[in-house]
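In the working numbering, the protein residues as written are 1433 to 1630.
From the three backbone atoms N, C-alpha and C, an ideal C-beta is built for every residue, glycine too.
Source: prediction; values computed, not measured.
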């Protein structure tokens, strides 16, 4: 298999230094969920198949938004995650979300290293969300439940963001400035245009 290498960037196989620890951390964090999350007889696999389809559809659907000549692509995977955190046992949810992610990435022909990294990042973020939900689940349904669900999804998004930043920093390295002045390193948008977005 040829090595994927961008011009002026470091090798992509450095992503294994984030992928393997993320996968190991997922296993370590998912162990309490597997032990305390119920027995296999209580798992509802037909519901899990429904969520596999929902996650697959959400992962494969991209929304392209354009705001003041800036394009942003969004995936709405958090909607099935909220529903899954409420209805599906934790271990099933982790497995289903990872399987859906892998299936979509194989269909979209991602490279092998990207598939493994994305699977590890999705597994870790879903495990963190399940831990937040499992530790703080209030009895009944009400505002407290929605607060816990929101916190779980926020924790999943933050975990995903941290893993993506870590792998990009490792693979691409520090951004080097051209020239000796600080002006050449300034981001393309000015502070005035940034304040208009807020």
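Put residue 1447 into one of helix, strand or coil per three-state DSSP.
helix
On the three-state DSSP scale, how would you describe residue 1507?
strand
Are there 16 or more other CB atoms within 10 angstroms of the CB of residue 1516, so buried, or fewer, so exposed?
buried
Inter-residue CB distance, residue 1558 and residue 1588 (contact presumed, cutoff 8 Å):
6 Å
Considering just the uninterrupted stretch of the alpha helix (DSSP H) at residue 1488, what are its terminal residues?
1477-1492
Name the two residues that bound the continuous alpha helix (DSSP H) containing residue 1542.
No alpha helix (DSSP H) holds residue 1542; DSSP gives it neither H nor E.
Considering only the beta carbon of each residue, do residue 1551 and residue 1534 sit closer than 7 Å?
yes
Use the C-beta contact count for residue 1565: other C-beta atoms within 10 angstroms, 16 or more gives buried, fewer gives exposed.
buried
Comparing alpha-carbon positions, which option in 1512, 1491, 1576 lies nearest residue 1537?
1491
Count the C-beta pairs between the segment 1541-1556 and the segment 1452-1465 that are closer than 8 Å, then say yes if the count reaches three, no if not.
yes
Where residue 1462 and residue 1596 are concerned, what is the direct C-alpha to C-alpha distance, given to the nearest angstrom?
20 Å
Rounded Cβ spacing between residue 1528 and residue 1480 (contact assumed at less than 8 Å):
5 Å
With 16 other CB atoms within 10 Å as the buried threshold, where does residue 1631 fall?
Residue 1631 is absent from the model: the chain starts at 1433 and stops at 1630.
Status (buried if at least 16 other CB within 10 Å, exposed otherwise) for residue 1499:
exposed
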